[in-house]
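Shown next, in structure tokens, is the structure this report addresses.
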Amino acid sequence: MLIKKGRCRYGEVPVFETISQLLRKEAGVAVQKQTVDLLYLLLNCPSLMLMFCSSCKEEGTSSDIPTTSTETAPAFKGTGAILEGLADCLASRGNGAPKTLVLKLQRNAIIVVAFLASSGRRGFEFLLGRDPCSRRSNFLFLILQVLASEIDVEEASSSSSSKACDDFRERTLVIREALILLNRVASNPQYSTPVLRLLTNRRGDMACLTIDIATRLSRKPLNCLWHHQKSLDTISKQMRESEIPDLARIFKRRVFSFLGDPLPSASASASH
Numbered sequence: 458m459l460i461k462k463g464r465c466r467y468g469e470v471p472v473f474e475t476i477s478q479l480l481r482k483e484a485g486v487a488v489q490k491q492t493v494d495l496l497y498l499l500l501n502c503p504s505l506m507l508m509f510c511s512s513c514k515e516e517g518t519s520s521d522i523p524t525t526s527t528e529t530a531p532a533f534k535g536t537g538a539i540l541e542g543l544a545d546c547l548a549s550r551g552n553g554a555p556k557t558l559v560l561k562l563q564r565n566a567i568i569v570v571a572f573l574a575s576s577g578r579r580g581f582e583f584l585l586g587r588d589p590c591s592r593r594s595n596f597l598f599l600i601l602q603v604l605a606s607e608i609d610v611e612e613a614s615s616s617s618s619s620k621a622c623d624d625f626r627e628r629t630l631v632i633r634e635a636l637i638l639l640n641r642v643a644s645n646p647q648y649s650t651p652v653l654r655l656l657t658n659r660r661g662d663m664a665c666l667t668i669d670i671a672t673r674l675s676r677k678p679l680n681c682l683w684h685h686q687k688s689l690d691t692i693s694k695q696m697r698e699s700e701i702p703d704l705a706r707i708f709k710r711r712v713f714s715f716l717g718d719p720l721p722s723a724s725a726s727a728s729h
């Protein structure tokens with residue numbers, strides 16, 4: 458209770474406005490990561506989440522996003538800037554920062570996006586870019602790009618150094634969080650249709666990225682090099698060898714089912 462009161466006390470409008478500035482790429486990866494962590498703590502206060510989601514509210518929402526509640530909290534005008542900052546965090550290339558730190562930033566940003574999406578109709582509108590505040594931030598596309606980039610990096614990796622193992626461990630967590638989010642929104646009984654419609658949009662790269670990622674991650678392993686690394690912890694190996702392929706196969710099944718295409722047979726998939 459005291460912790461929640463503290464969050465609400467410090468979660469005034471000026472704090473959110475400061476957060477929007479510190480999330481920008483100009484602040485640097487280390488500052489961005491700490492700011493994402495602070496934002497997550499603040500949004501865990503229900504009154505602050507309500508204030509955040511009520512920002513720049515306009516009449517009329519997407520017809521395929523059901524309304525579940527009416528927000529009445531006082532709004533501030535910083536939500537759009539914060540969402541753009543989160544998008545910067547997902548798109549971060551580090552600018553010289555350690556790769557592990559960049560991956561931690563991206564993982565924490567995905568966790569915040571997932572938390573927003575779980576908050577209800579408004580959070581899903583943020584995720585889909587249907588809200589006026591988030592039209593510049595295509596979070597699903599950014600998350601797919603992160604996944605595709607990290608899969609490419611890992612498949613090309615031949616290093617077995619301690620640093621490479623640290624990167625692999627953090628990359629595993631990024632991929633896991635992203636797949637959990639994608640499965641959660643793709644299976645939501647109220648919002649799955651608009652989510653899958655966006656993920657499989659033939660215009661642009663969304664559909665190709667979605668199918669490619671689901672297919673590549675559902676195979677195991679991505680890189681046999683990691684099977685023999687003694688410095689890599691057992692939990693990371695188990696995630697990569699079982700949990701991540703399982704999550705990817707579930708996601709792939711949902712995508713193909715929505716498209717109306719039959720999945721390849723198990724024997725055909727195993728041969729790739």
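Taking our numbering, the leading residue of the sequence shown gets 458, the next gets one more, and so forth. Backbone N, C-alpha and C define an ideal beta-carbon position, used for all residues, glycine too. Predicted model, so just to flag it, every value in this text is computed and none were measured.
C-alpha of Q695 to C-alpha of S618: approximately 20 Å in a straight line.
The straight-line gap separating the alpha-carbon atoms of R654 and F715 is approximately 8 Å. In summary, T475 is exposed, with fewer than 16 beta-carbon neighbours lying within 10 Å of its beta-carbon over all protein chains present. The segment 604 to 658 is shown to contain whole alpha helix (DSSP H) runs of 4 or more residues at 619 to 644, 649 to 656, in chain order. Per the coordinates, the alpha-carbon of R710 lies some 42 Å from the alpha-carbon of V472. For S675, the secondary structure class from DSSP, reduced to helix, strand or coil, is helix. Per DSSP, the continuous alpha helix (DSSP H) segment holding E541 begins and ends at 536 to 547.
Cα atoms of I608 and L562: separation of roughly 17 Å, rounded to the nearest angstrom.
Counting the other Cβ atoms within 10 Å of the Cβ of P651 gives 16 or more, which makes it buried. Between L601 and I670, the CB-CB gap stays under 8 Å. If you draw a straight line from the Cα of C665 to the Cα of P646, it is about 24 Å long.
Distance from the CA atom of S649 to the CA atom of I632, rounded to whole angstroms, is 20 Å. Excluding the 5 residues flanking it on each side, S549 has same chain C-beta neighbours closer than 8 Å at K482, V486, Q489, V559, L562, Q563, in chain order.
Around the Cβ of P702, a 10 Å sphere holds 16 or more other Cβ atoms; the residue is buried. A direct Cα-Cα distance of roughly 22 Å separates D494 from R641.
Going by beta carbons, L584 and V603 fall outside the 8 Å limit.
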